[in-house]
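When the letters of the sequence shown are read in order and numbered with numbering that gives the first Met the number 0, they come out as residues 0 to 580.
Quick reminder that beta carbons are idealized off the backbone N, C-alpha and C, glycines included.
All values reported here derive from a predicted model rather than from experimental measurement.
Single-structure report; data block below.
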Amino acid sequence: MSGSAKSLLVRLWREHIVAFWPILLGATLLMVIEGGTLGLMSYLVQPLFDEVFVAGDAAALTWVAFAIAGIFSVRAFAGFGQRLLIVKVGLRVTTDLQTRLIAHLLALDARFFQDNSPGALIERVRGDTFALQGLASATLMSIGRDTIAVISLVTVMVVADWQWALMALAGVPLLIVPLYSVQKRIRSTTFDAREAASDLSTQLDEIFHGMVSIKVNRLERYENSRFGKQIAHFLGRQMRAERGKAASPALIDLSSAIGFLVVVYFGGSQIISGEKSLGEFMSFFTALALVFDPMRRLSTIAGQIQAAMASLERLYAVLETQPTILAPAQPVAVRTGDVVFDEVRFAYEESEVLRGLSFTAQQGKTTALVGPSGAGKSTVFSLLTRLVDPGSGRITIGGAATTDVDIAELRDSLALVGQDSTLFDDTIAQNIRLGRLDASDDEVRAAAEAASVLEFADQMPLGLDTPVGPRGSGLSGGQRQRVTIARAMLRNAPILLLDEPTSALDARSEKLVGEALDRLSQGRTTLVIAHRLSTIRNADLIVVMDKGHVVEQGSHAELMAADGAYARLHQLQSAGVTAPL
Ligand code: ADP
Numbered sequence: 000m001s002g003s004a005k006s007l008l009v010r011l012w013r014e015h016i017v018a019f020w021p022i023l024l025g026a027t028l029l030m031v032i033e034g035g036t037l038g039l040m041s042y043l044v045q046p047l048f049d050e051v052f053v054a055g056d057a058a059a060l061t062w063v064a065f066a067i068a069g070i071f072s073v074r075a076f077a078g079f080g081q082r083l084l085i086v087k088v089g090l091r092v093t094t095d096l097q098t099r100l101i102a103h104l105l106a107l108d109a110r111f112f113q114d115n116s117p118g119a120l121i122e123r124v125r126g127d128t129f130a131l132q133g134l135a136s137a138t139l140m141s142i143g144r145d146t147i148a149v150i151s152l153v154t155v156m157v158v159a160d161w162q163w164a165l166m167a168l169a170g171v172p173l174l175i176v177p178l179y180s181v182q183k184r185i186r187s188t189t190f191d192a193r194e195a196a197s198d199l200s201t202q203l204d205e206i207f208h209g210m211v212s213i214k215v216n217r218l219e220r221y222e223n224s225r226f227g228k229q230i231a232h233f234l235g236r237q238m239r240a241e242r243g244k245a246a247s248p249a250l251i252d253l254s255s256a257i258g259f260l261v262v263v264y265f266g267g268s269q270i271i272s273g274e275k276s277l278g279e280f281m282s283f284f285t286a287l288a289l290v291f292d293p294m295r296r297l298s299t300i301a302g303q304i305q306a307a308m309a310s311l312e313r314l315y316a317v318l319e320t321q322p323t324i325l326a327p328a329q330p331v332a333v334r335t336g337d338v339v340f341d342e343v344r345f346a347y348e349e350s351e352v353l354r355g356l357s358f359t360a361q362q363g364k365t366t367a368l369v370g371p372s373g374a375g376k377s378t379v380f381s382l383l384t385r386l387v388d389p390g391s392g393r394i395t396i397g398g399a400a401t402t403d404v405d406i407a408e409l410r411d412s413l414a415l416v417g418q419d420s421t422l423f424d425d426t427i428a429q430n431i432r433l434g435r436l437d438a439s440d441d442e443v444r445a446a447a448e449a450a451s452v453l454e455f456a457d458q459m460p461l462g463l464d465t466p467v468g469p470r471g472s473g474l475s476g477g478q479r480q481r482v483t484i485a486r487a488m489l490r491n492a493p494i495l496l497l498d499e500p501t502s503a504l505d506a507r508s509e510k511l512v513g514e515a516l517d518r519l520s521q522g523r524t525t526l527v528i529a530h531r532l533s534t535i536r537n538a539d540l541i542v543v544m545d546k547g548h549v550v551e552q553g554s555h556a557e558l559m560a561a562d563g564a565y566a567r568l569h570q571l572q573s574a575g576v577t578a579p580l
């Protein structure tokens, strides 16, 4: 086993398993009993033949029959108990691991989730922990029970005739080299299989999330064949891993073929010549027949551990990823005041997105960010909410840099209403309450009223308690937006970040959403990524951005008078070309 595998196992043991030692001890005891019963069983075959069948002793018949029945009953209880205990520990360990993974994932940067798709992460949190559990349970059971079984059966064989035993098991040591070489490959093939399973989950996630566009664009067949290819890839990888796992028991069977041949030939001739009793031979033969099964299982253990290691490696890789957006050691208090971007530069990997962006959004006023797509407007919001940090330059609120205040406090002072209204599969009321979890029912209702949510919710039989469906699929686009606006109202944060929807709503929805937004931005420092002419015109300041910096700023009237970029954009939009703004 490699050093890293050992350290992974040690870590798993220390952090997750060792706490369950009393249960494991109990399970081990039961495994010893279960394993030992096989030895006893084969030992009893000798009196069964010699005293009962050959000698015809009726009294012996009774005790041998009851003894065998008794052994099997004990085996049943011990087996039942040990399985339950091991599975219990396995489930506790995996559920603990899942809880820890989620807590860790929730603390990671937004950027991590751009590199790791939801499907792949689901596969890690669910698939890998379950793979680990199944393998770990099987391995623990096998180590405990099968070792004892092998020891007790071999003892019976040696007691019956050590020379036979030697001959029968002579083939086993010869297997060590081929077994070792098979097991070595299992970890890497299993790792590949787990990666293929991740890709599969990613694709499933994309299919289910993109169902509407798949249907509308009639991409069913395309997606079907894409999935077909992916699953064929998965099948290939999984089969490679399984082939490795299946090879070890096959090798043991080959060696048992040799064992049986030798014993039947030599043992049989000794019985014919009268040197040995039939009972001795049958007892030995039973033990030999029984020993290969636990041996087969034991031969797969190293492979099982290697396979579990592949999942464990993937799980710890997540746990070892550290967030890069860090809280300051000595945070200053969040202040209210102007939001100032001062010479801010920011790049995603190689591509520079913001190139010295400077502007001031005055407290209590509305600032509209305008400019072509890709200008960096959304990045302004990501920086303010500290989903990402600037490469250089400063972002301050009331004079305090966003990187100097506590992240939680900073985010409490911001409310974000995005383009895609993120709703969860819960009731309308609960979706609003996500703005402030301790809000009373009356406060939720007041927010719903102000955002024109009651308008439609009251028409529904369950009112605000109506479930919105997965990702809000039970509501219309305009309704979803109003729910997110109500959420922001409840949040009552001094700074509002608004990404105005580009997708057209019907006139009535647009009016209701517009009014709700106007009410929401009253008295707050509002930054809006604006697309609608009316929003832009009414803003206190318009910041025209292009390629990561400000090209113009001022009020609508000022910018029109300047007859620059804004005036040109405005003319285009007035003429019905909506895209540029
Ligand atoms: P806007 O909101 O003005 O349309 P964005 O702020 O969304 O612009 O994006 C600005 C630039 O940053 C775009 O060129 C985009 O390709 C790039 N970008 C945005 N997000 C990422 C990302 N996660 N990784 C790499 N580049 C990104």
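Looking at the DSSP output, Asp498 bridges to Ile528.
In the DSSP assignment, His548 falls outside any alpha helix (DSSP H) and lies within the beta strand (DSSP E) extending over 548–553. In the three-state DSSP reduction, Ser254 falls in the helix class (H, G or I). The C-alpha of Val73 is placed about 13 angstroms away from the C-alpha of Gly38. According to the DSSP assignment, Ser439 belongs to no beta strand (DSSP E), since it is labelled neither H nor E.
The Cβ-Cβ distance between Val155 and Ala286 falls below 8 angstroms. Counting only the Cα atoms, Leu489 lies some 7 angstroms from Val443. Leu356 carries a strand assignment under DSSP once its states are collapsed to helix, strand and coil.
Rounded to the nearest angstrom, the Cβ distance from Arg91 to Phe19 is 7 angstroms, consistent with a contact under 8 angstroms.
In summary, Gly273 is exposed, with fewer than 16 beta-carbon neighbours lying within 10 Å of its beta-carbon over all protein chains present. With a cut-off of 8 angstroms on Cβ pairs, the stretch 290–302 is not in contact with the stretch 192–210, counting fewer than three such pairs. Judged by the Cβ position, Gly390 fails to qualify as a neighbour of the ligand ADP at the 7 angstroms threshold, every heavy atom of the ligand being at least this far.
Nearest Cα to Glu351 within the set Gly547, Ala130, Ile150: Gly547.
Counted as a single uninterrupted DSSP element, the stretch harbouring Leu433 is not any beta strand (DSSP E), since DSSP gives it neither H nor E. For Thr365, the enclosing beta strand (DSSP E) begins and ends at 365–369.
At least one heavy atom of the ligand ADP sits closer than 7 angstroms to the Cβ of Gly373. The Cβ-Cβ distance between Thr61 and Gln97 does not fall below 8 angstroms. In the DSSP assignment, Met308 falls within the alpha helix (DSSP H) that extends over 277–319. In the DSSP secondary-structure assignment, Pro466 is bridged to Thr426.
Just so you know, the alpha carbons of Gln229 and Ala196 end up roughly 9 angstroms apart.
Taking 7 angstroms as the cut-off, the C-beta of Ser377 counts as close to a heavy atom of the ligand ADP. The beta carbons of Val452 and Ile427 sit about 7 angstroms from each other, so the pair counts as a contact at 8 angstroms.
It is roughly 32 angstroms from the alpha-carbon of Leu100 to the alpha-carbon of Ile484.
If you look at Gly392, you'll find it in the beta strand (DSSP E) that goes 391–396.
In this structure, the ligand ADP has a non-hydrogen atom nearer than 7 angstroms to the beta-carbon of Val352. Comparing C-alpha distances from Gly143 to each of Val369, Leu29, Asp545 shows the shortest one belongs to Leu29. Val343: member of the beta strand (DSSP E) spanning 338–347, first to last residue. Secondary-structure assignment with DSSP links Ser350 through a beta bridge to Tyr347. Phe79 counts as exposed, since fewer than 16 other C-beta atoms from the protein chains shown sit within 10 angstroms of its C-beta.
Arg184 and Val157 have their alpha carbons spaced roughly 35 angstroms apart. Around His555, the same chain offers Arg536 as residues with beta carbons nearer than 6 angstroms, after the five sequence neighbours per side are excluded.
In chain order, Thr384, Arg385 place their CB closer than 8 angstroms to the CB of Arg410, counting only its own chain and leaving out the 5 sequence neighbours on each side. For Asp545, the secondary structure class from DSSP, reduced to helix, strand or coil, is strand. Closest in C-alpha terms to Pro500, from the list Phe284, Gln478, Gln521, comes Gln478. Taking the Cβ of Tyr565 as the reference point, every heavy atom of the ligand ADP lies at 7 angstroms or farther away.
By the Cβ-count criterion, Ile396 is buried, with 16 or more other Cβ atoms from all chains shown falling within 10 Å of its own Cβ.
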